[in-house]
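Undergrad: Quick one: the structure is below, and I'll ask about it shortly.
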Amino acid sequence: MKNIRNFSIIAHIDHGKSTLADRFIQICQGLTEREMSNQVLDSMELEKERGITIKAQNVTIKYINKNKKIFYLNFIDTPGHVDFAYEVSRSLSACEGALLVIDSCQGIEAQTIATCNMALKMNLTIIPVLNKIDLPTANTQRVIQEIKELIGISTKHIVKCSAKTGTGITELLDTIVTKIPPPSGCINSTLQALIIDSWFDNYLGVVSLVRIKNGKLIQGLKIQVFSTKKNYYVNKIGIFTPKSKNKNYLHSGEVGWISCGIKNIKSFPVGDTITSSKHPIKTSICGFKKIKPKIYAGLFPRKTENYKLFRIALEKLSLNDASLFYQPEFSHSLGFGFKCGFLGLLHMEIIQARLEREYKLDVISTIPSVIYEIQTLDNNIVYIYHPSDLSKYKKIKEIREPIARCNILTPIKYIGNILNLCSNKRGKQHNIIYHSNQVTLQYDIPMSEIVVNFFDQLKSSSQGYASLEYDFKYFQKTDIVCLDILINTKKIDALSLIIHRENSKSQAHKIVNKIKTIIPKHQFNIVIQAMINNNIIARATIKQLRKNVLSKCYGGDISRKRKLLEKQKKGKKKMKQIGNVKIPKETFFSIFSIK
Ligand code: GDP
Ligand code: MG
C-alpha cells in the first residue's frame, strides 16, 4: 500500500486536465505509441465533440522513479463544467490528493476555486500545477499571486509544466509520489469499498468502479451492498491501464472495477458502500454528496411506439449518471413520456444528444423548470416543478423559488456589464471582492434565471473571460404565475411554463410572437394565445398559406424544384401534429431562450 497514490485532477474547464492525464499515461507507458490516440480518456464520442469531460474515469498506471522505485498511481480525470460538480465530489472522496491544474494564460477561474474548496474540505493534499507554460502568453508569476490571493493555499510545491509538450511532467510525477500520502486503511479488516461510478456494459452487465477503503475484494466473494442489504457474488475484477485488465483481487487502497454479472442496473448505486456478506460493516462510507436535480423537463418520444425503448434507454443512462432522474408522465399534446430531472442545461442537452445518438431516439423536450416550494394554508410543504401543478393547489399561503449563491470571477473591466446582467436576472448583490487583476462578484440569483441562459450571457458580456460557479442556497418567497399557451383555442400543456408575475405580460407577448415565427403557415389561420388564470393576455395570428413553395420556380429547373420539395419534406418530418396544427419540435424549447 505504501507505493500507491490516489489522486484526482481538478481544474476549470479547458485548463488541461485531460491532456495532462494523457501525458501521464504516455510517460508511464500505460499505452503504446500507436494506441495512444489523442485524449484517450475522453472516450465518449460526445465528449470529444464538445471537448469536455463528462464522466470521471479512473486509470491505474505504473510509475518508476529515477531511483527505480515502483509506484502505482490511480488518477481520476474529473469533469470541469458547473453542471458536473457532483462528479468531482464523487471522485475526490476516493483520493488522498488532488492536482489543481491552472492554465497559466487564463489564471484562476471560478471552477478552480470551487473545486479546490471541495478538495480542501475533504482534507486532500493539493498540488498546484501551472499548465500551458509553453504558450507565449503564460504568466506564472501572476497565477502564483492569484493562488495566494484567491485560494490561500501554499505555493511552495507548485509545479510548472506543459501537458502538451511534456515539459515538467516527470517533475510533477515525482512531486505526486513524495507529497501525496499513500492510502490508509487495513487489508485485514472487514471489506469496505466505495462505489465511485457504475455503468452498464453489454457483456458484463453492471460494472462498478470502486475504491477499497479496508479489506480485500476477491473474485468469487459474496458481497453485500450497504443500502439495499442485497448480496451478490463477485464475478470479475479488474483495473484500467487505461485498457481493461483482469485481476484476481483488489486490496485496501486500490481502485478498480468489479462486476457481479447483474442485469438489474439499480443494484449498485453510486456513492454506496460494498461490504462482505459474511461480516457486513455497521456504517457506510460517507463523503458523498446527495445529488438532486436542479431543473426538470418533460421528454417525449416523437414516435409513440418508441416509448418502451425510451424507458430502457433512460434506465441505462441513469445508471451511468446518478443525477439523472425520470418518472413516467402523460401529456395531452405529446402523449406518453417522462418527466426528467437534470443538473443544468448542459446536462439536459447531453442526455438528449445521447438518447438520439446511442439509442436512435428522437425526443421532444418541454421547457425546463426549477422546483418551487409551496406552503399551503394548512402549513403543508409541497414541491412542484410542473406548471400545471400550480393550479392544483388552491389554498396557497406562500410560494418560494430556489435561490443560488453565485460566485462570478471576472477581469475588472467587464464589471459594469456583469452588474447589469445580474440585476436583469433579479439578482441581489451579496459581496464584491477586488483582487489585483480580477474581481469576485457574489450574487444571490433565482435559479430559474440561471438555468435559462445566464451562462452564455455572462460569457458574451465579458468576451468569454468571466467564469461562474453556483450552488443552491435557500428558497425565497416569490410571485409566480402559470402561463398557458393556446393554439387555435386548444391549450397545449407541453408549452405551459411558470414565470415571474412582474414581467409576465411582456414575456407573454414575446412568447406568442416567437411561436408565430416558428410554426409554418397552414391552409388556415392559426391563432396563438397566451393565458394566465383564464385571461388571455397576448395573441398573434399566423395567416393562412397562399402560395405553394414552387410558385417562384418558373420553367424547367427540376433540380431546384426537387431541392425545395425535399426541404419542405424535411420540415414536415420534424413536426408534431397537434389537432390540425403541425408544430415543429423546436417550438417547445425555443420559447425558453427568450429573454
Ligand atoms: P480539460 O477541459 O481541463 O480536460 O482540458 P483539455 O485537456 O481538454 O485541454 C483544453 C485545451 O487546451 C486543448 O485544446 C488542449 O490541447 C490544450 N492544452 C492542454 N494543455 C496544454 C499545454 O500544456 N499547452 C498548450 N499549448 N495547450 C494545452
Ligand atoms: Mg477534459
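In terms of full-length UniProt numbering, the numbers along the sequence shown are unbroken and rise by one, the last being 595.
Ideal placement from N, C-alpha and C gives every residue a C-beta, glycine not left out.
If you're wondering where the values come from, they're calculated on a predicted model, not measured in any experiment.
#1: Residue 161: which of 173, 319, 151 sits nearest, CA to CA?
#2: Within its chain, find whatever has a CB closer than 7 Å to the CB of residue 474; leave out the 5 residues flanking it on each side and keep chain order.
#3: Quick check on this structure: which residue in 457, 130, 113 has the alpha carbon closest to the alpha carbon of residue 602?
#4: Buried or exposed for residue 460, going by 16 or more other Cβ atoms inside 10 Å?
#5: Give a yes or no on whether the C-beta atoms belonging to residue 95 and residue 8 are separated by under 8 Å.
#6: Hey, residue 199 and residue 207 are a contact pair by Cβ (cut 8 Å); roughly how many whole angstroms apart?
#7: So, does the segment 521 to 540 touch the segment 476 to 489, judging by three or more C-beta pairs under 8 Å?
#8: Taking only three categories from DSSP, how would you classify residue 488?
#9: Using the rule of at least 16 other Cβ atoms within 10 Å of the residue's Cβ for burial, across every protein chain shown, is residue 395 buried or exposed?
#10: Name the residue from 483, 325, 357 whose alpha carbon lies nearest to the alpha carbon of residue 343.
#11: Less than 7 Å between the CB of residue 98 and some heavy atom of the ligand SAH, yes or no?
#12: Cα separation between residue 598 and residue 355?
#13: Pairing CB atoms from the segment 215 to 226 with CB atoms from the segment 308 to 315, are three or more of them under 8 Å?
#14: Taking residue 216 as part of the beta strand (DSSP E), name the residues at either end of that continuous run.
#15: What are the start and end residues of the beta strand (DSSP E) that includes residue 406?
#16: DSSP beta-bridge partners for residue 500?
#17: Since I believe residue 462 is in contact with residue 410 (beta carbons under 8 Å), could you give me their beta-carbon distance rounded to a whole number of angstroms?
#18: Candidates 4, 470, 340: which alpha carbon is nearest residue 318's?
#19: If you run the structure through DSSP and keep just helix, strand and coil, what is residue 430?
#20: Compute the Euclidean distance between the alpha carbons of residue 418 and residue 203, then round it to the nearest angstrom.
#21: Which runs of the beta strand (DSSP E) spanning at least 3 residues fall entirely within the segment 266 to 353, listed in chain order?
#22: Hey, is the segment 492 to 500 in contact with the segment 379 to 392, meaning 3+ C-beta pairs nearer than 8 Å?
#23: In chain order, what residues of the same chain have a beta carbon less than 6 Å from the beta carbon of residue 254, not counting five sequence neighbours either side?
#24: Could you check whether residue 451 and residue 370 sit closer than 8 Å to each other, using their CB atoms as the reference points?
#25: Please return the same chain residues whose Cβ sits closer than 6 Å to the Cβ of residue 55, not counting the five positions on each side in sequence.
#26: So the candidates are 338, 345, 293; which of them puts its Cα closest to the Cα of residue 323?
#27: With H, G and I counted as helix, E and B as strand and the rest as coil, what does DSSP make of residue 584?
#28: Following the continuous beta strand (DSSP E) through residue 222, name the residue where it begins and the one where it ends.
#29: Hey, how far is the Cα of residue 609 from the Cα of residue 398?
#30: Which residues bound the beta strand (DSSP E) around residue 101?
#31: Taking C-beta to C-beta, are residue 435 and residue 124 nearer than 8 Å?
#32: How big is the Cα-Cα spacing for residue 5 and residue 283?
#33: Just verifying my parser: in three-state terms, what is the DSSP assignment at residue 527?
#34: For residue 629, is the beta carbon positioned less than 7 Å from some heavy atom of the ligand GDP?
#35: Could you spell out the range, first to last residue, of the beta strand (DSSP E) harbouring residue 256?
#36: With hydrogens ignored, establish whether the beta-carbon of residue 16 is closer than 7 Å to any heavy atom of the ligand GDP.
TA: In this structure, then:
#1: For the purposes of this step, residue 161 is taken as the residue at position 161 of the sequence shown. Nearest to residue 161 by alpha-carbon distance, out of 173, 319, 151, is 173.
#2: In the sequence shown, residue 474 corresponds to position 474, counting from 1. Cβ within range, chain order: 403.
#3: The first residue shown for the chain is 1 and the last is 595, placing residue 602 beyond what the model contains.
#4: The residue given as residue 460 occupies position 460 in the sequence shown. Here residue 460 is exposed. Its C-beta has fewer than 16 other C-beta atoms within 10 Å.
#5: Locating residue 95 in the sequence shown gives position 95, counting from the first residue. Locating residue 8 in the sequence shown gives position 8, counting from the first residue. Contact annotation: residue 95 and residue 8 have beta-carbon atoms nearer than 8 Å.
#6: For the purposes of this step, residue 199 is identified with residue 199 of the sequence shown, where counting begins at 1. For the purposes of this step, residue 207 is identified with residue 207 of the sequence shown, where counting begins at 1. About 6 Å separates the beta carbon of residue 199 from that of residue 207, a gap short enough to meet the 8 Å contact definition.
#7: A contact between stretches requires three or more CB pairs, one per stretch, nearer than 8 Å, and the segment 521 to 540 meets this requirement with the segment 476 to 489.
#8: The residue you call residue 488 lines up with position 488 of the sequence shown. Assignment of residue 488 by DSSP, reduced to helix, strand and coil, places it in the coil class.
#9: Reading the sequence shown from its first residue, position 395 is the one you call residue 395. Counting Cβ neighbours within 10 Å, residue 395 comes out exposed, since fewer than 16 surround it.
#10: By 1-based counting over the sequence shown, the position of residue 343 is 343. Minimum Cα distance to residue 343 is reached at 325.
#11: You won't find the ligand SAH in this model; what it holds is the ligand GDP and the ligand MG.
#12: Any question about residue 598 goes unanswered here, given that the chain covers just 1 to 595.
#13: Touching, no, given that fewer than three Cβ pairs across the two stretches are closer than 8 Å.
#14: Taking the sequence shown and counting its residues from 1, one reaches residue 216 at position 216. DSSP places residue 216 in the uninterrupted beta strand (DSSP E) bounded by 216 to 218.
#15: Reading the sequence shown from its first residue, position 406 is the one you call residue 406. Note, residue 406: beta strand (DSSP E), 396 to 411.
#16: Residue mapping note: residue 500 aligns to position 500 of the sequence shown, counting from 1. The partner list for residue 500 (beta bridge, DSSP) reads 480.
#17: Translated into the one-based positions of the sequence shown, residue 410 becomes position 410. Translated into the one-based positions of the sequence shown, residue 462 becomes position 462. Sure, about 5 Å apart at Cβ, within 8 Å.
#18: Looking up residue 318 in the sequence shown gives position 318. Measuring from the Cα of residue 318, the nearest candidate turns out to be 340.
#19: Locating residue 430 in the sequence shown gives position 430, where the first residue counts as 1. Note: residue 430 maps to strand in three-state DSSP.
#20: Residue 418 sits at position 418 when you count from the first residue of the sequence shown. Residue 203 sits at position 203 when you count from the first residue of the sequence shown. Rounded to whole angstroms, the gap between the alpha carbons of residue 418 and residue 203 is 50 Å.
#21: Taken in chain order, the whole beta strand (DSSP E) runs of length 3 or more contained in the segment 266 to 353 are 273 to 276, 295 to 301, 325 to 331, 335 to 342.
#22: Yes: the two stretches touch, three or more of their Cβ pairs being nearer than 8 Å.
#23: Reading the sequence shown from its first residue, position 254 is the one you call residue 254. So the list reads 212, once near-sequence residues are dropped.
#24: Counted from its first residue, the sequence shown places residue 370 at position 370. Counted from its first residue, the sequence shown places residue 451 at position 451. Yes.
#25: Walking along the sequence shown from the start, residue 55 turns up at place 55. With a pLDDT of 49 at residue 55, under the threshold of 50, the modelled position of this residue cannot be trusted; read the value that follows with caution. Cβ neighbours of residue 55 beyond the five flanking positions: none.
#26: For this step, residue 323 is matched to residue 323 along the sequence shown. When only C-alpha atoms are compared, the closest one is 293.
#27: Taking the sequence shown and counting its residues from 1, one reaches residue 584 at position 584. Strand.
#28: Here the question's residue 222 lines up with position 222 in the sequence shown. Its beta strand (DSSP E) spans residues 222 to 225.
#29: Since the first and last residues shown for the chain are 1 and 595, residue 609 lies out of range.
#30: Residue 101 sits at position 101 when you count from the first residue of the sequence shown. Residues 97 to 103.
#31: Working through the sequence shown from its first residue, we reach residue 435 at position 435. Working through the sequence shown from its first residue, we reach residue 124 at position 124. Contact: no.
#32: The count along the sequence shown starts at 1 and reaches residue 5 at position 5. The count along the sequence shown starts at 1 and reaches residue 283 at position 283. Pairing residue 5 with residue 283, the inter-Cα distance amounts to about 25 Å.
#33: Numbered from 1 along the sequence shown, position 527 holds the residue referred to as residue 527. Reduced to three states, the DSSP call for residue 527 is strand.
#34: With the chain covering 1 to 595 only, the question about residue 629 has no answer from this structure.
#35: Your numbering for residue 256 matches position 256 in the sequence shown. First-last of the beta strand (DSSP E) with residue 256: 255 to 259.
#36: As a working note, residue 16 is residue 16 in the sequence shown. Yes; taking the cut-off as 7 Å, the Cβ of residue 16 has a heavy atom of the ligand GDP nearer than that.
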